[in-house]
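Below is one structure, written out as structure tokens; comments come after it.
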Amino acid sequence: MDQESSSQHPKGHQRTRSAVKGSTPLASHLLPPQQQTDQQTSSSHAEQQHQMIPGGHGHQARAPVSGSPLLPRSPAAHSPAPPHSRRQPPPLSLSPAGPSPRMSFSSGPGSGAASGRGAPRPPPDFSHLLRPDIYHELAPLNVPPPFRQSAKQPSASTPIPDLLAGGHFRAAAVAAAQALTGANGAPAPDLADHALILSLFYVRLACLTLIDATALATQEVKALEDLNATFYVDETGHNLIPWELRILAVRLQAISFADQRRAVMSYYDLAREARLRLAEAAAKHDNSEKQLWRERLNDLGVRVAGVLVEMDDLKGAVEHLASLKESDNGSGKMQMARALLWLHLGDVDAARGCVKPAEGSEGPSDNMTERILHALCDMADGKYSEALNQWEELSKVSDDEMIGVNRGVCLLYVGRLQEGKDLLEGLVDSGRTSHTLLFNLTTMYELCTERSRTLKVQLTEKVAALEPTSFGWEKTNADFKL
Amino acid sequence: MNHQRFPSHEVKEPHSVSLKVLRLSRPSLVPQFPLHPPVIPPSLTSPIGGTLPAALPQRHLPPLPASLAYSPLGPIKKHGEDAHEAESAGGERTRDGYYNTEPFILSPIVNLPPSFGSAYVGETFSCTLCANHNAPPIGEGGTSVKKTIRDVKIEAEMQTPSGQTTKLVLGDTAGDDNAGSGSSIANMDNDNAITGSNASGSEDSNNTTEAKTETETIATLDLLPPSTTLQKILNFGLKEEGTHVLGVTVSYYEATETSGRTRAFRKMYQFICKPSLIVRTKAGPLPSLPPVKAGNGKRRRRWVLEAQLENCSEDAILLEKAQLAEVQRGLKWRDCNWAGIGVGVGQGESTITGEGRSQQSQDQSQGPPRRPFLQPGESEQLCFIIEEKGGGEGDGDEQGEEGKAVEVEEKNGRIDFGVMALAWRTEMGNRGSLLTLTLGTKHVKPR
Numbered sequence: 001m002d003q004e005s006s007s008q009h010p011k012g013h014q015r016t017r018s019a020v021k022g023s024t025p026l027a028s029h030l031l032p033p034q035q036q037t038d039q040q041t042s043s044s045h046a047e048q049q050h051q052m053i054p055g056g057h058g059h060q061a062r063a064p065v066s067g068s069p070l071l072p073r074s075p076a077a078h079s080p081a082p083p084h085s086r087r088q089p090p091p092l093s094l095s096p097a098g099p100s101p102r103m104s105f106s107s108g109p110g111s112g113a114a115s116g117r118g119a120p121r122p123p124p125d126f127s128h129l130l131r132p133d134i135y136h137e138l139a140p141l142n143v144p145p146p147f148r149q150s151a152k153q154p155s156a157s158t159p160i161p162d163l164l165a166g167g168h169f170r171a172a173a174v175a176a177a178q179a180l181t182g183a184n185g186a187p188a189p190d191l192a193d194h195a196l197i198l199s200l201f202y203v204r205l206a207c208l209t210l211i212d213a214t215a216l217a218t219q220e221v222k223a224l225e226d227l228n229a230t231f232y233v234d235e236t237g238h239n240l241i242p243w244e245l246r247i248l249a250v251r252l253q254a255i256s257f258a259d260q261r262r263a264v265m266s267y268y269d270l271a272r273e274a275r276l277r278l279a280e281a282a283a284k285h286d287n288s289e290k291q292l293w294r295e296r297l298n299d300l301g302v303r304v305a306g307v308l309v310e311m312d313d314l315k316g317a318v319e320h321l322a323s324l325k326e327s328d329n330g331s332g333k334m335q336m337a338r339a340l341l342w343l344h345l346g347d348v349d350a351a352r353g354c355v356k357p358a359e360g361s362e363g364p365s366d367n368m369t370e371r372i373l374h375a376l377c378d379m380a381d382g383k384y385s386e387a388l389n390q391w392e393e394l395s396k397v398s399d400d401e402m403i404g405v406n407r408g409v410c411l412l413y414v415g416r417l418q419e420g421k422d423l424l425e426g427l428v429d430s431g432r433t434s435h436t437l438l439f440n441l442t443t444m445y446e447l448c449t450e451r452s453r454t455l456k457v458q459l460t461e462k463v464a465a466l467e468p469t470s471f472g473w474e475k476t477n478a479d480f481k482l
Numbered sequence: 001m002n003h004q005r006f007p008s009h010e011v012k013e014p015h016s017v018s019l020k021v022l023r024l025s026r027p028s029l030v031p032q033f034p035l036h037p038p039v040i041p042p043s044l045t046s047p048i049g050g051t052l053p054a055a056l057p058q059r060h061l062p063p064l065p066a067s068l069a070y071s072p073l074g075p076i077k078k079h080g081e082d083a084h085e086a087e088s089a090g091g092e093r094t095r096d097g098y099y100n101t102e103p104f105i106l107s108p109i110v111n112l113p114p115s116f117g118s119a120y121v122g123e124t125f126s127c128t129l130c131a132n133h134n135a136p137p138i139g140e141g142g143t144s145v146k147k148t149i150r151d152v153k154i155e156a157e158m159q160t161p162s163g164q165t166t167k168l169v170l171g172d173t174a175g176d177d178n179a180g181s182g183s184s185i186a187n188m189d190n191d192n193a194i195t196g197s198n199a200s201g202s203e204d205s206n207n208t209t210e211a212k213t214e215t216e217t218i219a220t221l222d223l224l225p226p227s228t229t230l231q232k233i234l235n236f237g238l239k240e241e242g243t244h245v246l247g248v249t250v251s252y253y254e255a256t257e258t259s260g261r262t263r264a265f266r267k268m269y270q271f272i273c274k275p276s277l278i279v280r281t282k283a284g285p286l287p288s289l290p291p292v293k294a295g296n297g298k299r300r301r302r303w304v305l306e307a308q309l310e311n312c313s314e315d316a317i318l319l320e321k322a323q324l325a326e327v328q329r330g331l332k333w334r335d336c337n338w339a340g341i342g343v344g345v346g347q348g349e350s351t352i353t354g355e356g357r358s359q360q361s362q363d364q365s366q367g368p369p370r371r372p373f374l375q376p377g378e379s380e381q382l383c384f385i386i387e388e389k390g391g392g393e394g395d396g397d398e399q400g401e402e403g404k405a406v407e408v409e410e411k412n413g414r415i416d417f418g419v420m421a422l423a424w425r426t427e428m429g430n431r432g433s434l435l436t437l438t439l440g441t442k443h444v445k446p447r
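Right, dumping it as structure tokens:
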């Protein structure tokens, strides 16, 4: 199942992927949009030639679209064609090569429409995402009893949007898999209804990551195979996979291949596409679409920095973040992100320098971002009492969970464990249940008594009794250190 | 035959007081992986599925709240309300979750240390000791007797690899060992000082029955009610490599209605302190300088002191300071490293504090010289130039008489320059510092 690692990019670039040992200069990926368009049109001819159809390659005759039986997908059928054939430039001639098993990457009929670009393409067949065997069982083995037995558990017939709004992510993941495979009575989606299928697939993967089952998600995402394949390109020439799914797939595939550089490269690919779409939208004078693609581009830039942090290339992340434009309408988010990165790296002076007060102003600032940062910098300098004072001032003007949790942590560091514990318990009572809050609170429980298990179990009951919100409701044993 | 069992005289009752310990390394920023919300086609909510038109309306939406490190929602409200409504409800309060840095991976919320981690030479070992009065659970065999715990005492001492045992001051605040006087690595002098708690000494006890123990090595508490804790924090500067043993003794007086006794127990915690920076130095001569006017008339000798710092720890290190200290009178030194670029000669004191960024232009991508950031295994080369003052400069050398040349001392054909003071930071600003042994040279050319 490692096709993605070495499949040829259908847009015609000569780039090799995971075989790259040295660093691929990223600048080469940042082609200006003008050149993008040229390459796009020149390769569109070639696209018709080698349509990669997951689940169908290796067999010339495609099964009919409707009601397709499960195509045999032995691992052998997935084995990639010999590498050299994939790295060749796509043939520009329109006459298809003869049918050849397993050579459908670079040539071959694939489907009946390969003969000419004017012929209508059959709708893509997404049956490969409807097979039950790609979805794992999600038994509530690691869910504490107060949740499992609670009346707040959703019923099996709750629609998925309601499940998501109620924070029932495990139930939503199960429901999504059932909707895809046609289990549980409801009919399976139409094979060509890619919007519905991919949306359900995204719900499934996203919910798996939200319930700390990311490992399962990295396996299930393999069913998509190469997201850049021509199979996923629709009539307008655009990729029809929902953007949010492509973003998530980048991360999941990087984890499953244990190669974060791949994530950086994939984000740059998406950025290239976003720039292209942005240019198209500008040509159409579609402002809302321009805005959409611009925001997506900014989002990608920050995600690349995140991957660099995961790779422990902190200096690279600093440089990258510095190169991004401020686009957050003055909310100070980018400043804060840069400062947090400096803190993570250890350079507290640089972090303080990120959010500077206006020239000439003295005294404590009104700017919340600045105050939060100064409090964090004080903690990084080991000045926990000063930091605590600042968190206390901040908590008077904001109910933010982060301010409360950080204040509780500082209380422990200045010898006021019981106050910190009470504060964190108060946050839980007010309905906050983030992993961090629960982790810090259970750590304090472990410090303040020999029988911390009793307290932790009481905490599970308290959290289970809270009203479900879109932030999540059901927790796992690991959340309570049980 | 029935054997009667007589209870043994030595009653091994469990202690009513327990000790829990947590190393207080820096809290860490919590990572998050923001997810875009799914675009749910309408057919999902209706029982009849069908093919949809190709394009669904797309907007760039804020990420799913559950994918963030902490909730952007306000305090508990009815199901379905979100932060936006909370903001309109309470005018003066700021919007919650507004300060999250999504989609960036690091968020401003912190986690307590999840584990002990690694201990390195040069760092401050901060640790909290918690003596807890565990109330026996109600109804346990019906034999639980109400106990009053009084006169709780905690003492702690640290045994270093060299065999020395130091009583530790128990304070109320975690903090760095900012005394700055750390002794040399291999220099086993008796100055393994008792490192007091941070100079923040203004910590007020919140518990009125708690004795102030800022400068004492025994923490005492008069009365420890059930389910309460006596918490103390110790800070110890790690100066030696090897196995350290932290020994904590807790004693208390346990009184029931009918009797009372003093009990005590001791716990030992062992950890290994590893080296974090390896310093290798080399000194060599440089061409000498002409004599200074009004000096001692001799040519001034110069040397270059090169050093290689290797990060032999498992964490990345940010070098903050690399300077010479305790430079002998008669010599002055110049920093040729990142902090000293463009700055003049120093006099045995730091030239600049290692920031050097205030005067430079604030172009972000091309800022002032960056501090070196060493990944595990990486090295950094340093260079200092040392020269004789040659007397007569009279610029603030308070130790020498004005106009009189201060001679450079030579001992057995060796000139001692001074020591190198290094300071660094690791994740979340965790500090480390050390002084090397005295560095010098044998390249003493006769004048």
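Top line first, the protein sequences correspond to chains A and B. Per UniProt numbering, residue 1 is the first one in the first sequence, and the count goes up by one each step. Per UniProt numbering, residue 1 is the first one in the second sequence, and the count goes up by one each step. Beta carbons are placed, not taken as given, at the ideal position from N, Cα and C, and that holds for glycine. Values in this document were obtained by computation on a predicted structure and should not be read as measured data.
Item                                                                                                                 : Value
Cβ distance (whole Å) where Leu230/B is taken to contact Leu224/B below 8 Å                                          : 6 Å
For Pro108/B and Asp234/A, the rounded distance between their alpha carbons                                          : 41 Å
Straight-line gap, Leu435/B to Asp312/A (C-alpha atoms, nearest Å)                                                   : 29 Å
Element boundaries [alpha helix (DSSP H), containing Asn287/A]                                                       : 287-310
Alpha carbon of residue 457/B to alpha carbon of Phe373/B, nearest angstrom                                          : Nothing about residue 457/B can be read from this structure; chain B reaches only from 1 to 447.
Chain B contact for Arg251/A (CB, 8 Å cutoff)                                                                        : yes
Local Cβ density within 10 Å of Gln381/B, reported as buried at 16 or more and exposed below that                    : exposed
Beta-carbon proximity of Phe104/B to Ala322/A, cut-off 8 Å                                                           : no
Residues that Ala380/A contacts on chain B, provided the C-beta gap is smaller than 7 Å                              : Arg26, Met428, Gly429
Cβ contact (3+ pairs, closer than 8 Å) linking the stretch 307-314 of chain B and the stretch 410-418 of chain B     : no
Listed by chain order, chain A residues near Ser71/B by CB distance under 7 Å                                        : Glu401, Arg432, Ser434, Phe471
Exposed unless 16 or more other CB atoms sit within 10 angstroms - verdict on Gln32/B                                : buried
Neighbourhood of residue 488/A by C-beta, 8 Å cutoff - its chain only, sequence neighbours within 5 removed          : Because residue 488/A is not part of the residues shown, which for chain A are 1 to 482, the question remains open.
Cutoff 8 Å: Asp299/A Cβ touching any chain B Cβ                                                                      : yes
Cutoff 8 Å: Leu270/A Cβ touching any chain B Cβ                                                                      : no
Below-8 Å beta-carbon distance, Leu216/A vs any chain B residue                                                      : no
is_contact[His443/B, chain A] using C-beta, thresh 8 Å                                                               : no
Residue-chain proximity (Gly377/B, chain A), Cβ-Cβ < 8 Å                                                             : no
Partners in chain B for Lys315/A, counting only beta-carbon separations shorter than 7 Å                             : Phe373
Rounded Cβ spacing between Leu324/B and Arg371/B (contact assumed at less than 8 Å)                                  : The Cβ separation is near 18 Å, so there is no contact.
Residues of the stretch 217-233 of chain A whose Cβ lies closer than 7 Å to any Cβ of chain B, in chain order        : none
Nearest-angstrom Cα separation, counted from Lys284/A out to Asp212/A                                                : 42 Å
For Gly166/A, the nearest candidate out of Trp473/A, Leu482/A, Phe480/A (CA to CA)                                   : Trp473/A
Beta strand (DSSP E) segment containing Gly260/B, residue limits                                                     : 260-274
Sequence-distant residues of its chain with Cβ nearer than 6 Å to Ala351/A (five each side left out)                 : Ala339, Trp342, Leu343, Cys377
Chain A residues whose Cβ lies nearer than 7 Å to that of Asp172/B                                                   : Val414, Gly415
Three CB pairs or more closer than 8 Å across the stretch 19-37 of chain B and the stretch 114-130 of chain B        : yes
Stretch pair the stretch 245-259 of chain A + the stretch 284-294 of chain A: three plus CB contacts closer than 8 Å : no
Ala478/A burial status per 10 Å Cβ neighbour count (16 or more: buried)                                              : exposed
CB contact flag (Ala316/B, Pro376/B, <8 Å)                                                                           : yes
Trp243/A, DSSP secondary structure in three states                                                                   : helix
For Leu466/A, the nearest candidate out of Ser398/A, Phe480/A, Thr433/A (CA to CA)                                   : Thr433/A
Asn440/A, enclosing alpha helix (DSSP H) - first and last residue                                                    : 435-448
Best match in Thr281/B, Ala421/B, His443/B for proximity to Ser433/B [C-alpha to C-alpha]                            : Ala421/B
Whole-angstrom distance between Leu459/A and Ser150/A, CA atom to CA atom                                            : 14 Å
Extent of the continuous beta strand (DSSP E) run through Glu310/B                                                   : 300-311
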